[in-house]
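In our numbering, the protein residues as written are 107 to 480.
Every residue, glycine too, gets a C-beta built ideally from N, C-alpha and C.
Values in this document were obtained by computation on a predicted structure and should not be read as measured data.
Reviewing the structure listed below.
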(Lines of atoms letter the chains of each structure in order from A and count residues from 1; the text may use other names and numbers.)
(Lines give C-alpha, C1' and ligand atoms only; values in the text may rest on other atoms or scores of the structure.)
Protein backbone atom coordinates (compact mmCIF):
# COMPACT_ATOMS: atom_id res chain seq x y z
CA UNK A 1 0.00 0.00 0.00
CA UNK A 2 1.26 3.49 -0.85
CA UNK A 3 2.03 5.80 2.11
CA UNK A 4 -0.72 8.29 2.96
CA UNK A 5 -0.24 11.76 1.53
CA UNK A 6 -1.31 13.87 4.53
CA UNK A 7 -1.06 17.08 2.51
CA UNK A 8 -4.20 16.12 0.55
CA UNK A 9 -7.73 15.84 1.88
CA UNK A 10 -8.16 12.29 0.61
CA UNK A 11 -4.79 11.14 1.99
CA UNK A 12 -5.54 12.60 5.40
CA UNK A 13 -8.97 10.95 5.42
CA UNK A 14 -7.44 7.59 4.52
CA UNK A 15 -4.90 7.94 7.34
CA UNK A 16 -7.69 8.69 9.84
CA UNK A 17 -9.65 5.65 8.60
CA UNK A 18 -6.61 3.35 8.88
CA UNK A 19 -5.97 4.53 12.44
CA UNK A 20 -9.60 3.78 13.32
CA UNK A 21 -9.30 0.27 11.88
CA UNK A 22 -6.21 -0.55 13.98
CA UNK A 23 -7.54 0.90 17.24
CA UNK A 24 -10.97 -0.72 16.98
CA UNK A 25 -9.62 -4.17 16.05
CA UNK A 26 -7.28 -4.01 19.06
CA UNK A 27 -10.06 -2.98 21.46
CA UNK A 28 -12.48 -5.54 20.04
CA UNK A 29 -10.01 -8.41 20.53
CA UNK A 30 -9.26 -7.48 24.15
CA UNK A 31 -12.95 -7.04 25.02
CA UNK A 32 -13.92 -10.34 23.39
CA UNK A 33 -11.42 -12.12 25.62
CA UNK A 34 -12.71 -10.33 28.74
CA UNK A 35 -16.34 -11.03 27.76
CA UNK A 36 -15.64 -14.76 27.38
CA UNK A 37 -14.01 -14.85 30.83
CA UNK A 38 -16.61 -12.71 32.64
CA UNK A 39 -19.76 -13.86 30.84
CA UNK A 40 -20.93 -10.24 30.51
CA UNK A 41 -23.39 -9.61 27.68
CA UNK A 42 -22.74 -5.85 27.81
CA UNK A 43 -18.96 -6.33 27.38
CA UNK A 44 -19.56 -8.83 24.55
CA UNK A 45 -21.88 -6.32 22.88
CA UNK A 46 -19.28 -3.59 23.35
CA UNK A 47 -16.66 -5.84 21.72
CA UNK A 48 -18.88 -6.38 18.67
CA UNK A 49 -19.59 -2.66 18.65
CA UNK A 50 -15.83 -2.01 18.32
CA UNK A 51 -15.60 -4.68 15.63
CA UNK A 52 -18.41 -2.90 13.79
CA UNK A 53 -16.48 0.36 14.16
CA UNK A 54 -13.46 -1.30 12.54
CA UNK A 55 -15.65 -2.44 9.65
CA UNK A 56 -17.09 1.04 9.19
CA UNK A 57 -13.56 2.48 9.24
CA UNK A 58 -12.73 0.13 6.37
CA UNK A 59 -15.79 1.44 4.51
CA UNK A 60 -14.68 5.00 5.28
CA UNK A 61 -11.21 4.22 3.91
CA UNK A 62 -12.73 2.83 0.70
CA UNK A 63 -15.00 5.89 0.51
CA UNK A 64 -12.07 8.31 0.67
CA UNK A 65 -10.19 6.29 -1.96
CA UNK A 66 -13.21 6.38 -4.28
CA UNK A 67 -13.79 10.10 -3.63
CA UNK A 68 -10.18 10.79 -4.64
CA UNK A 69 -10.74 9.31 -8.11
CA UNK A 70 -10.85 11.98 -10.83
CA UNK A 71 -13.87 12.58 -13.03
CA UNK A 72 -14.33 10.15 -15.90
CA UNK A 73 -16.65 9.63 -18.86
CA UNK A 74 -19.38 7.99 -16.76
CA UNK A 75 -18.96 10.34 -13.77
CA UNK A 76 -18.20 13.81 -15.19
CA UNK A 77 -18.74 15.47 -11.80
CA UNK A 78 -16.22 13.23 -10.02
CA UNK A 79 -16.69 10.69 -7.23
CA UNK A 80 -16.89 13.04 -4.22
CA UNK A 81 -20.26 11.72 -3.04
CA UNK A 82 -18.71 8.31 -2.37
CA UNK A 83 -17.65 9.76 0.99
CA UNK A 84 -21.30 10.36 1.89
CA UNK A 85 -22.13 6.77 0.94
CA UNK A 86 -19.38 5.61 3.30
CA UNK A 87 -20.96 7.68 6.07
CA UNK A 88 -24.32 6.11 5.22
CA UNK A 89 -22.87 2.62 5.74
CA UNK A 90 -21.35 3.77 9.05
CA UNK A 91 -24.76 4.96 10.25
CA UNK A 92 -26.45 1.75 9.06
CA UNK A 93 -23.81 -0.30 10.91
CA UNK A 94 -24.47 1.62 14.12
CA UNK A 95 -28.21 0.98 13.82
CA UNK A 96 -27.70 -2.76 13.22
CA UNK A 97 -25.32 -3.07 16.19
CA UNK A 98 -27.72 -1.10 18.40
CA UNK A 99 -30.67 -3.29 17.41
CA UNK A 100 -28.75 -6.54 18.00
CA UNK A 101 -27.51 -5.29 21.37
CA UNK A 102 -31.03 -4.30 22.40
CA UNK A 103 -32.31 -7.80 21.61
CA UNK A 104 -29.53 -9.55 23.54
CA UNK A 105 -29.87 -7.16 26.48
CA UNK A 106 -33.59 -7.84 26.83
CA UNK A 107 -32.82 -11.58 26.81
CA UNK A 108 -30.25 -10.98 29.55
CA UNK A 109 -32.81 -9.12 31.67
CA UNK A 110 -35.27 -12.01 31.31
CA UNK A 111 -32.59 -14.66 31.94
CA UNK A 112 -29.78 -13.14 34.08
CA UNK A 113 -26.54 -15.09 34.51
CA UNK A 114 -23.69 -15.06 37.03
CA UNK A 115 -20.85 -12.64 36.17
CA UNK A 116 -17.15 -13.25 36.73
CA UNK A 117 -15.45 -9.85 36.96
CA UNK A 118 -12.51 -8.22 38.70
CA UNK A 119 -9.94 -5.43 38.61
CA UNK A 120 -8.51 -6.60 35.28
CA UNK A 121 -11.93 -6.21 33.67
CA UNK A 122 -12.26 -2.68 35.06
CA UNK A 123 -8.74 -1.82 33.85
CA UNK A 124 -9.50 -3.03 30.31
CA UNK A 125 -12.73 -1.02 30.19
CA UNK A 126 -11.03 2.11 31.59
CA UNK A 127 -8.32 1.78 28.95
CA UNK A 128 -11.02 1.44 26.29
CA UNK A 129 -12.82 4.61 27.45
CA UNK A 130 -9.58 6.62 27.41
CA UNK A 131 -8.57 5.27 23.98
CA UNK A 132 -11.95 5.96 22.37
CA UNK A 133 -12.12 9.41 23.95
CA UNK A 134 -8.77 10.49 22.50
CA UNK A 135 -9.61 8.85 19.17
CA UNK A 136 -12.87 10.84 19.18
CA UNK A 137 -10.94 14.07 19.83
CA UNK A 138 -8.62 13.24 16.93
CA UNK A 139 -11.63 12.53 14.70
CA UNK A 140 -13.13 15.91 15.69
CA UNK A 141 -9.89 17.66 14.71
CA UNK A 142 -9.74 15.72 11.43
CA UNK A 143 -13.41 16.38 10.58
CA UNK A 144 -12.88 20.12 11.02
CA UNK A 145 -9.56 20.09 9.18
CA UNK A 146 -10.89 18.46 6.00
CA UNK A 147 -14.64 19.16 6.45
CA UNK A 148 -15.70 15.50 6.33
CA UNK A 149 -19.23 14.37 7.23
CA UNK A 150 -18.11 10.72 7.32
CA UNK A 151 -15.42 11.43 9.93
CA UNK A 152 -17.91 13.61 11.83
CA UNK A 153 -20.23 10.58 12.03
CA UNK A 154 -17.33 8.42 13.26
CA UNK A 155 -16.50 11.09 15.88
CA UNK A 156 -20.05 10.92 17.25
CA UNK A 157 -19.84 7.12 17.27
CA UNK A 158 -16.61 7.23 19.32
CA UNK A 159 -18.01 9.51 22.01
CA UNK A 160 -21.12 7.33 22.18
CA UNK A 161 -18.84 4.32 22.69
CA UNK A 162 -17.16 6.14 25.61
CA UNK A 163 -20.52 6.60 27.29
CA UNK A 164 -21.55 3.02 26.56
CA UNK A 165 -18.38 1.55 28.08
CA UNK A 166 -18.69 3.84 31.11
CA UNK A 167 -22.20 2.50 31.72
CA UNK A 168 -20.79 -1.05 31.56
CA UNK A 169 -18.18 -0.12 34.17
CA UNK A 170 -20.90 1.26 36.44
CA UNK A 171 -22.97 -1.92 36.08
CA UNK A 172 -19.94 -4.10 36.89
CA UNK A 173 -19.08 -1.86 39.86
CA UNK A 174 -22.62 -2.29 41.18
CA UNK A 175 -22.33 -6.07 40.77
CA UNK A 176 -18.96 -6.23 42.56
CA UNK A 177 -20.04 -3.95 45.41
CA UNK A 178 -23.67 -4.98 45.96
CA UNK A 179 -24.07 -8.29 44.10
CA UNK A 180 -26.88 -6.83 41.96
CA UNK A 181 -26.79 -7.84 38.28
CA UNK A 182 -27.88 -4.89 36.11
CA UNK A 183 -25.85 -6.06 33.11
CA UNK A 184 -28.93 -6.44 30.90
CA UNK A 185 -30.29 -3.03 31.86
CA UNK A 186 -26.92 -1.45 31.09
CA UNK A 187 -27.02 -3.13 27.69
CA UNK A 188 -30.46 -1.65 26.96
CA UNK A 189 -29.18 1.81 27.96
CA UNK A 190 -26.15 1.46 25.70
CA UNK A 191 -28.20 0.21 22.76
CA UNK A 192 -30.52 3.22 23.03
CA UNK A 193 -27.57 5.60 22.70
CA UNK A 194 -26.08 3.62 19.81
CA UNK A 195 -29.42 3.63 17.96
CA UNK A 196 -29.89 7.35 18.56
CA UNK A 197 -26.40 8.12 17.25
CA UNK A 198 -26.99 5.86 14.25
CA UNK A 199 -30.22 7.56 13.21
CA UNK A 200 -28.68 11.02 13.77
CA UNK A 201 -25.74 10.12 11.52
CA UNK A 202 -28.10 8.58 8.94
CA UNK A 203 -29.99 11.85 8.67
CA UNK A 204 -26.75 13.84 8.35
CA UNK A 205 -25.52 11.58 5.55
CA UNK A 206 -28.81 11.57 3.64
CA UNK A 207 -29.07 15.37 3.55
CA UNK A 208 -26.14 15.99 1.12
CA UNK A 209 -27.10 12.94 -0.95
CA UNK A 210 -30.71 14.12 -1.37
CA UNK A 211 -29.67 17.75 -1.88
CA UNK A 212 -29.36 19.92 1.22
CA UNK A 213 -29.00 23.68 1.46
CA UNK A 214 -25.59 25.14 0.67
CA UNK A 215 -23.33 26.58 3.35
CA UNK A 216 -24.68 30.06 4.26
CA UNK A 217 -21.12 31.43 4.45
CA UNK A 218 -20.45 30.29 0.87
CA UNK A 219 -23.68 31.94 -0.32
CA UNK A 220 -22.86 35.21 1.46
CA UNK A 221 -19.33 35.16 0.05
CA UNK A 222 -20.56 34.64 -3.52
CA UNK A 223 -23.12 37.45 -3.28
CA UNK A 224 -20.63 39.80 -1.61
CA UNK A 225 -18.08 39.47 -4.43
CA UNK A 226 -20.66 39.84 -7.21
CA UNK A 227 -22.61 42.76 -5.72
CA UNK A 228 -19.35 44.60 -4.96
CA UNK A 229 -19.00 45.24 -8.70
CA UNK A 230 -20.28 48.80 -9.42
CA UNK A 231 -22.05 47.69 -12.61
CA UNK A 232 -24.14 45.03 -10.84
CA UNK A 233 -27.65 46.17 -9.86
CA UNK A 234 -28.71 42.94 -8.16
CA UNK A 235 -28.51 39.13 -8.13
CA UNK A 236 -31.04 36.32 -7.91
CA UNK A 237 -31.66 32.64 -8.72
CA UNK A 238 -28.48 31.51 -6.95
CA UNK A 239 -28.24 27.71 -7.13
CA UNK A 240 -25.43 25.56 -5.70
CA UNK A 241 -24.99 21.90 -6.64
CA UNK A 242 -22.64 19.86 -4.44
CA UNK A 243 -20.85 16.73 -5.69
CA UNK A 244 -18.75 16.13 -2.58
CA UNK A 245 -17.01 18.26 0.01
CA UNK A 246 -14.80 20.00 -2.56
CA UNK A 247 -16.81 20.01 -5.81
CA UNK A 248 -19.42 22.74 -6.29
CA UNK A 249 -21.20 23.96 -9.41
CA UNK A 250 -22.83 27.38 -9.04
CA UNK A 251 -25.23 29.31 -11.28
CA UNK A 252 -26.69 32.77 -10.69
CA UNK A 253 -28.48 35.57 -12.54
CA UNK A 254 -26.77 38.98 -12.43
CA UNK A 255 -28.67 42.20 -13.19
CA UNK A 256 -26.72 44.88 -15.09
CA UNK A 257 -27.82 48.07 -16.91
CA UNK A 258 -29.22 47.45 -20.39
CA UNK A 259 -27.22 50.46 -21.59
CA UNK A 260 -23.98 48.47 -21.40
CA UNK A 261 -22.64 47.11 -24.67
CA UNK A 262 -22.64 43.34 -25.13
CA UNK A 263 -18.84 43.04 -25.02
CA UNK A 264 -18.68 45.22 -21.88
CA UNK A 265 -21.28 43.06 -20.15
CA UNK A 266 -19.43 39.89 -21.17
CA UNK A 267 -16.14 41.24 -19.81
CA UNK A 268 -17.75 42.10 -16.46
CA UNK A 269 -19.43 38.71 -16.07
CA UNK A 270 -16.33 36.84 -17.21
CA UNK A 271 -14.24 38.68 -14.63
CA UNK A 272 -16.73 37.88 -11.85
CA UNK A 273 -16.70 34.19 -12.77
CA UNK A 274 -12.89 34.08 -12.60
CA UNK A 275 -12.92 35.93 -9.26
CA UNK A 276 -15.40 33.46 -7.74
CA UNK A 277 -13.48 30.46 -9.05
CA UNK A 278 -10.28 31.84 -7.55
CA UNK A 279 -11.87 32.72 -4.18
CA UNK A 280 -13.84 29.51 -3.56
CA UNK A 281 -12.51 26.89 -6.00
CA UNK A 282 -15.95 26.45 -7.56
CA UNK A 283 -17.24 26.15 -11.12
CA UNK A 284 -19.47 29.17 -11.86
CA UNK A 285 -21.93 30.10 -14.60
CA UNK A 286 -23.40 33.62 -14.43
CA UNK A 287 -26.40 34.66 -16.52
CA UNK A 288 -26.86 38.30 -17.57
CA UNK A 289 -30.21 40.01 -16.96
CA UNK A 290 -30.27 43.48 -18.63
CA UNK A 291 -32.29 46.07 -16.69
CA UNK A 292 -34.00 49.02 -18.40
CA UNK A 293 -34.49 51.97 -16.02
CA UNK A 294 -36.94 54.84 -16.66
CA UNK A 295 -39.67 56.72 -14.78
CA UNK A 296 -42.41 54.21 -15.64
CA UNK A 297 -40.14 51.33 -14.64
CA UNK A 298 -39.28 52.83 -11.24
CA UNK A 299 -42.88 53.79 -10.44
CA UNK A 300 -44.39 50.42 -11.30
CA UNK A 301 -41.57 48.41 -9.72
CA UNK A 302 -42.19 50.24 -6.43
CA UNK A 303 -45.89 49.50 -6.84
CA UNK A 304 -45.26 45.78 -7.45
CA UNK A 305 -42.89 45.56 -4.46
CA UNK A 306 -45.48 47.25 -2.23
CA UNK A 307 -48.19 44.80 -3.30
CA UNK A 308 -45.91 41.79 -2.72
CA UNK A 309 -44.89 43.10 0.70
CA UNK A 310 -48.58 43.41 1.58
CA UNK A 311 -49.11 39.74 0.69
CA UNK A 312 -45.99 38.51 2.50
CA UNK A 313 -42.90 40.49 3.56
CA UNK A 314 -40.62 37.61 2.46
CA UNK A 315 -41.59 37.92 -1.22
CA UNK A 316 -39.09 39.61 -3.54
CA UNK A 317 -39.13 40.28 -7.28
CA UNK A 318 -36.58 40.42 -10.08
CA UNK A 319 -36.41 40.53 -13.89
CA UNK A 320 -38.95 43.36 -13.75
CA UNK A 321 -40.06 45.16 -16.90
CA UNK A 322 -43.14 46.98 -18.19
CA UNK A 323 -44.88 46.80 -21.56
CA UNK A 324 -47.93 48.53 -23.09
CA UNK A 325 -51.28 46.81 -22.46
CA UNK A 326 -54.45 48.31 -24.01
CA UNK A 327 -55.18 51.44 -21.94
CA UNK A 328 -52.65 50.56 -19.25
CA UNK A 329 -49.39 48.71 -18.68
CA UNK A 330 -48.36 45.11 -18.33
CA UNK A 331 -46.08 44.34 -15.33
CA UNK A 332 -43.83 41.39 -16.15
CA UNK A 333 -41.56 39.93 -13.44
CA UNK A 334 -40.40 36.91 -11.48
CA UNK A 335 -41.27 36.58 -7.79
CA UNK A 336 -39.00 34.61 -5.43
CA UNK A 337 -41.03 32.46 -3.05
CA UNK A 338 -39.45 31.09 0.17
CA UNK A 339 -39.66 27.43 1.17
CA UNK A 340 -42.92 26.36 2.89
CA UNK A 341 -44.81 29.35 1.50
CA UNK A 342 -48.52 28.83 2.35
CA UNK A 343 -50.02 29.95 -0.99
CA UNK A 344 -50.00 28.03 -4.25
CA UNK A 345 -48.43 29.68 -7.30
CA UNK A 346 -51.90 30.14 -8.83
CA UNK A 347 -53.34 31.73 -5.68
CA UNK A 348 -50.37 34.09 -5.40
CA UNK A 349 -50.85 35.28 -8.99
CA UNK A 350 -54.60 35.79 -8.45
CA UNK A 351 -54.07 37.71 -5.21
CA UNK A 352 -51.47 40.00 -6.80
CA UNK A 353 -53.74 40.61 -9.79
CA UNK A 354 -56.66 41.45 -7.50
CA UNK A 355 -54.64 44.00 -5.53
CA UNK A 356 -53.12 45.52 -8.68
CA UNK A 357 -56.52 46.03 -10.36
CA UNK A 358 -57.85 47.63 -7.17
CA UNK A 359 -55.12 50.28 -7.48
CA UNK A 360 -54.72 50.49 -11.29
CA UNK A 361 -57.76 49.08 -13.07
CA UNK A 362 -56.13 49.17 -16.53
CA UNK A 363 -52.90 47.36 -15.54
CA UNK A 364 -52.25 43.64 -15.59
CA UNK A 365 -49.39 41.39 -14.39
CA UNK A 366 -47.57 38.41 -15.84
CA UNK A 367 -45.80 36.64 -12.99
CA UNK A 368 -43.32 33.77 -13.07
CA UNK A 369 -42.91 32.15 -9.66
CA UNK A 370 -39.38 31.12 -8.61
CA UNK A 371 -38.94 28.84 -5.61
CA UNK A 372 -35.79 29.61 -3.61
CA UNK A 373 -33.15 26.85 -3.42
CA UNK A 374 -30.52 28.71 -1.38
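Query, Result
"With three or more C-beta pairs closer than 8 Å as the rule, is the stretch 223-233 touching the stretch 290-308?", "no"
"Taking the alpha carbon of residue 422 as the reference point, which residue from 443, 430, 429, 438 has its own alpha carbon closest?", "443"
"For residue 211 versus residue 294, is the C-beta distance shorter than 7 Å?", "yes"
"Go ahead and label residue 469 buried or exposed: buried means 16 or more other beta carbons lie within 10 angstroms of its beta carbon, across all protein chains shown.", "buried"
"Are the Cβ atoms of residue 263 and residue 238 separated by less than 7 Å?", "no"
"Under 8 Å Cβ to Cβ from residue 271, same chain only, skipping five residues before and after it: list those, please.", "152, 231, 234, 235, 238"
"Across the stretch 253-262 and the stretch 176-192, are there enough close Cβ pairs to call them in contact, namely three or more that are closer than 8 Å?", "yes"
"Do residue 133 and residue 156 have their CB atoms nearer than 7 Å?", "yes"
"Quick test of your reading: residue 373 and residue 341, contact by CB under 8 Å. State the CB separation rounded to the nearest angstrom.", "Not quite, the Cβ-Cβ distance comes to about 18 Å (not below 8 Å), so this is no contact."
"Just checking, does the stretch 402-410 make contact with the stretch 375-387 on the three C-beta pairs under 8 Å criterion?", "no"
"Looking at residue 383: is its Cβ nearer than 7 Å to the Cβ of residue 394?", "no"
"Can the beta-carbon of residue 473 be found closer than 7 Å to that of residue 455?", "yes"
"Would you tell me roughly how many angstroms separate the C-alpha atoms of residue 243 and residue 260, rounded to the nearest one?", "11 Å"
"By the DSSP assignment, the beta strand (DSSP E) with residue 286 in it spans what residues?", "It is not in any beta strand (DSSP E) - residue 286 carries neither H nor E in the DSSP assignment."
"What distance in whole Å lies between the Cβ atoms of residue 200 and residue 300, which are believed to be in contact at a cut-off of 8 Å?", "6 Å"
"What's the call for residue 120, buried or exposed, on a 16-neighbour Cβ count within 10 Å?", "buried"
"Counting beta carbon pairs with one atom in the stretch 276-293 and one in the stretch 206-225, are three or more of them shorter than 8 Å?", "yes"
"For the putative contact between residue 458 and residue 413, defined by C-beta atoms under 8 Å, what is the C-beta separation to the nearest angstrom?", "6 Å"
"State the DSSP-derived secondary structure class of residue 184, mapped to helix, strand or coil.", "coil"
"Taking the straight line between their C-alpha atoms, what separation do you get for residue 286 and residue 217?", "14 Å"
"Just how far apart, CA to CA, sit residue 226 and residue 219?", "20 Å"
"Please return the same chain residues whose Cβ sits closer than 7 Å to the Cβ of residue 425, not counting the five positions on each side in sequence.", "395, 439, 440"
"Pick from 420, 280, 203, 433: whose alpha carbon is nearest that of residue 446?", "420"
"Between which two residues does the alpha helix (DSSP H) carrying residue 372 extend?", "368-386"
"Kindly indicate which residue of 141, 144, 282, 247 has the alpha-carbon position closest to the one of residue 118.", "247"
"Under the three-state reduction of DSSP, which class applies to residue 107: helix, strand or coil?", "Here the model assigns residue 107 a pLDDT of 49, short of 50, so the residue's position is not dependable and the matter cannot be decided."
"Identify every run of the alpha helix (DSSP H) within the stretch 206-284, keeping only runs that are complete inside it and at least 4 residues long; order them along the chain.", "225-252, 255-284"
"Just mark residue 142 as buried or exposed, buried being the case when its beta carbon has 16 or more other beta carbons within 10 Å.", "exposed"
"Along the chain, where does the beta strand (DSSP E) that runs through residue 440 open and close?", "434-443"
"DSSP state of residue 337, grouped into three classes?", "coil"
"Applying the criterion that 16 or more other CB atoms from any shown protein chain within 10 Å of the CB defines a buried residue, is residue 354 buried or exposed?", "buried"
"Kindly list the residues whose CB is nearer than 8 Å to the CB of residue 276, restricted to its own chain and excluding five residues on each side of it in sequence; keep chain order.", "292"
"With distances taken Cα to Cα, identify the nearest neighbour of residue 328 among 319, 344, 194.", "344"
"Count the other C-beta atoms from every protein chain shown that fall within 10 angstroms of the C-beta of residue 173, then say buried if there are 16 or more, exposed otherwise.", "buried"
"For the beta strand (DSSP E) that residue 470 lies in, which residues bound it at each end?", "470-477"
"Which one or two residues does DSSP pair with residue 466 in a beta bridge?", "Bridge partners of residue 466: none, in fact."
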